[in-house]
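Asker: The structure is given below, and queries will be raised subsequently.
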Amino acid sequence: MKMPEDEIKALVVETLAEQHRFQQESIDAIVLKAVASVLASFGIEDDDRKELRADFQHLRRWRKSVEQAQSYTFKVVITVIATGLMGAVWLGVKVVLGK
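Those letters in the sequence shown? Residues 2 to 100, by our numbering.
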C-alpha cells in the first residue's frame, strides 16, 4: 500500500515540528537552570526575583537622576562662565569709556 505524497509531507512536517518543540523545551530548561545557578552563585535565590527587579529599577532611576544632575551642572557651569566673561567685558568697556 502506497501513501500519497501529501500525507508523507504532512507526516514529515508534523514530526519535524514536534522535534523542534522538544528541542526548544530542552533549550529553555537548560537556559533557565543556567540563569538560576548564576543568580544563586551571586546569593540571589528564586524567591528574590521581585526584589532583584525592584533593585534594578531603583538603580536605573538613580542613574537617570545622576545623568540629569550632571546635565544641569554642566549648564550651570557654562552659564556662570559666560556671565563672568560678559561682566568682565562690561567692566572693561566701562573703564575704557570712563577715561
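Just so you know, even glycine gets a beta-carbon here, dropped at the ideal spot from N, CA and C. For clarity, every value in this text was computed on a predicted model and none was experimentally measured.
Run through DSSP, which three-state label would isoleucine 45 get?
Answerer: For the purposes of this step, residue 45 is identified with residue 44 of the sequence shown, where counting begins at 1. The answer is coil: DSSP assigns isoleucine 45 none of H, G, I, E or B.
Asker: Taking 8 Å as the threshold (C-beta atoms), are isoleucine 45 and leucine 53 in contact?
Answerer: Taking the first residue of the sequence shown as position 1, residue 53 is located at position 52. Taking the first residue of the sequence shown as position 1, residue 45 is located at position 44. Contact flag set, yes.
Asker: Indicate the three-state DSSP secondary structure (helix, strand or coil) for methionine 87 in the structure shown.
Answerer: Residue numbering aside, residue 87 sits at position 86 when the sequence shown is read from its first letter. Here methionine 87 sits in helix by DSSP.
Asker: Look up lysine 51 in the DSSP assignment and say whether it is helix, strand or coil.
Answerer: In the sequence shown, residue 51 corresponds to position 50, counting from 1. Note: lysine 51 maps to helix in three-state DSSP.
Asker: Cα separation between glutamate 68 and phenylalanine 43?
Answerer: What you label residue 68 is simply residue 67 of the sequence shown in a count that begins at 1. What you label residue 43 is simply residue 42 of the sequence shown in a count that begins at 1. Whole-angstrom Cα-Cα distance: 28 Å.
Asker: So what's lysine 10 in DSSP terms, helix, strand or just coil?
Answerer: Position 9 of the sequence shown, counting from 1, holds the residue named residue 10. The answer is helix: DSSP assigns lysine 10 an H, G or I state.
Asker: If you reduce the DSSP assignment to three classes, tell me which class alanine 34 lands in.
Answerer: For the purposes of this step, residue 34 is taken as residue 33 along the sequence shown, with counting starting at 1. Correcting the residue type first, residue 34 is lysine in the shown sequence and not alanine. Helix, per DSSP.
Asker: Rounded to whole angstroms, how far is the Cβ of alanine 55 from the Cβ of aspartate 47, which I believe are closer than 8 Å?
Answerer: The sequence position of residue 55 within the sequence shown is 54, counting from 1. The sequence position of residue 47 within the sequence shown is 46, counting from 1. The pair is not a contact, with the Cβ atoms about 16 Å apart (cut-off 8 Å).
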